[in-house]
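Right, one structure below, let's go through it.
Here is the structure:
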């Protein structure tokens, strides 16, 4: 099964990372802040501007992105958790 | 009887699926989350942009779509439950 | 007496239908949901777009339409109840 | 004294009508719904669109109109009550 | 000292009028409604539209105007009370 | 140190004036209304309109202006209090 | 690791400065106001206007900026605290 986001949206999958405090202690799940980093899985065609041209989404499949808190819609596809984000809620791309 | 959505709207029918937990237990109806997946039954002509051109809705009859929580208007046609969605509330299409 | 809606509006008259439950019981008035189906009685000239062209309302006199909950203004004309709807609140047309 | 509404506005005067119930009883003032019907007394020049053209108000002096509930500003001119309405809050014209 | 309003704004001075009830009784200050009539003292240059043209304010110095309730900013200039109004909150002009 | 406001903004410094009541009594600080008069210290380049042209801010360094209540952001630069105002919140200019 | 802000956004790092009161007392952390001054670390490509042209962000890497209270999203990159700001929330640039 595949999922194709519509318009200026992206399907992303959360990146769970071990969180270590400044003093080196690994935090249990309940003490973690909700992660805001995710990997892009699929991207919509972008939005159509008023002249009929399509403005592409700025991220691509595989990009690691940071997104705005309280944004996105969680969905479950074949038992895995994903999030559908509006392109405007993607704040930036983490480059290695 | 047929129903023709106006403008950038779609008439959809909810897809009820048996929900099974990670541990394999089938959930009764009351424990289910409200499904957000639906099949497109009819599509409006789209919206007219400021130059008088019509921007078609991105989904077609038969598409299985995921829609935003708390969106849409429920209606009953000939005893069956449907939902009328704004095209902007359709987040993406599930492709097999 | 006639009533001419202004702009992108329609005058409609509610359609009261006998409501029968799945098990065949006719519901009394107090148990009914407020109907959302109405017949179009008169239509405004539509709205003027930014180039001065008029965009007509998509429905015509006699159409049976479904409208959004909590929309419209109720008025009484010669003792009968009508509703004035914004064209944007008309969700679709029921075709026989 | 005369009053000239500015822009897309109209000065109207409420039409008080004797209200009779279905069973023929004339209602006292306190039992009446606030009337929503008014006669147009003066009309502004309309609004200027983005190309500098003026879009006239759709009603004229003498028209009997129905307006949206909770709209308008009440003013008193030479001891009489009037209302200033935005053209957008005028729902339609009653034609005899 | 002079005051020049910026953009689509006007500086006005409230007109306090003796208020007499229908039965001829002059009301003391505390029983009066706040007046909504004012005299225009100075007018801004208007707003610049998207083509760079200036759209003038529709009122001129000396006009007696009626303004929307709860609009405007009160200021004191050389001990006298004035109000700065957005042009959109000026409902109309009283002509003698 | 200098501060350059960005876009359609101005850096202003409040003008504290001795406030004297109608009866000639000089008010202590706590009885004063917060002043709404300020002197312009620096001005941004203005905002870019949709055709790429820059629309300059209407005030200049040294102007004494009146601004809308509850607008602006207070900042401290080298121990002195300033306020950064959006150009839209500057109501007018006091001319001597 | 590098972070590339998308669109009209900037990645900034807060500037913590010793705060000294007027009377020369250095304030402990808890008595400090949250600083609103930051150094720009990375800048997005700007926003695309309706003609498809890109409008660059007005600040550059290394600029010391003042930003609006309650704006921005805090993120942690490699153990250090940063903030992602919308370009519209950057009020001005501090020049030495």
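Residue numbers (the working numbering), protein chains in the order written: chain S, 2 to 97; chain W, 2 to 97; chain X, 2 to 97; chain E, 2 to 97; chain Z, 2 to 97; chain U, 2 to 97; chain P, 2 to 97.
Glycine included, C-beta positions come from ideal geometry on N, C-alpha and C.
Values in this document were obtained by computation on a predicted structure and should not be read as measured data.
- Nearest to residue 66 (chain U) by C-alpha distance, out of U:4, U:8, U:51, U:14, is U:14.
- Looking only at P:44, P:39, P:6, the smallest Cα-Cα distance to residue 92 (chain P) is reached by P:39.
- Within chain Z, no C-beta atom comes nearer than 7 Å to that of residue 68 (chain E); the closest sits roughly 15 Å away.
- Among the residues facing chain X, residue 56 (chain E) is included, as its CB has a counterpart in that chain under 8 Å away.
- Residue pairing of residue 82 (chain E) in beta bridges, as defined by DSSP: E:77.
- Of all residues in the segment 79 to 90 of chain U, only 80, 85 place a beta-carbon less than 8 Å from a beta-carbon of chain P.
- Residue 8 (chain Z) is positioned such that its CB atom lies no closer than 8 Å to that of residue 63 (chain Z).
- Under the criterion of beta carbons closer than 8 Å, residue 5 (chain U) and residue 96 (chain P) qualify as touching, at roughly 6 Å.
- The beta carbon of residue 56 (chain E) lies closer than 6 Å to those of 47, 48, 50 in the same chain, with the five residues before and after it left out.
- The alpha carbon of residue 59 (chain U) has as its nearest neighbour, out of U:84, U:43, U:74, the alpha carbon of U:43.
- By the Cβ-count criterion, residue 83 (chain E) is buried, with 16 or more other Cβ atoms from all chains shown falling within 10 Å of its own Cβ.
- It is roughly 8 Å from the alpha-carbon of residue 70 (chain X) to the alpha-carbon of residue 74 (chain W).
- With a cutoff of 8 Å on beta-carbon distance, residue 72 (chain X) and residue 52 (chain X) are scored as not near each other.
- Here residue 16 (chain S) is exposed: its Cβ has fewer than 16 other Cβ atoms, across all protein chains shown, within 10 Å.
- Closer than 8 Å to the CB of residue 48 (chain W) there is not a single CB belonging to chain X.
- Residue 14 (chain U): member of the beta strand (DSSP E) spanning 10 to 15, first to last residue.
- Each of P:68, P:85, P:81, P:86 was checked against the Cα of residue 10 (chain U), and the nearest Cα belongs to P:68.
- Against chain S, a Cβ distance below 8 Å from residue 76 (chain P) picks out 37, 67, 92.
- Secondary structure at residue 64 (chain U): coil, using DSSP grouped into helix, strand and coil.
- Sequence-distant Cβ neighbours of residue 81 (chain S) in its own chain, meaning closer than 8 Å and more than five residues away, are 14.
- At a cut-off of 8 Å between beta carbons, residue 51 (chain W) contacts chain S.
- Cβ-Cβ distances below 6 Å link residue 88 (chain P) to 9, 58 in the same chain, with the five nearest sequence neighbours on each side left out; the list follows chain order.
- For residue 5 (chain U), the nearest beta carbon of chain P is closer than 8 Å to its own beta carbon.
- Here DSSP, grouped into helix, strand and coil, assigns residue 39 (chain E) to strand.
- Residues of chain X with a Cβ closer than 7 Å to the Cβ of residue 62 (chain E) do not exist, since the nearest Cβ in that chain sits about 16 Å away.
- Annotation for residue 95 (chain X): the continuous beta strand (DSSP E) segment containing it runs 91 to 96.
- The bridge partners DSSP lists for residue 48 (chain E) are E:56.
- By the rule that beta-carbons nearer than 8 Å mark a contact, residue 41 (chain X) does not touch chain W.
- The C-alpha of residue 85 (chain E) is placed about 38 Å away from the C-alpha of residue 85 (chain U).
- Contact with chain U is absent for residue 17 (chain P), since none of that chain's Cβ atoms lies less than 8 Å from the residue's Cβ.
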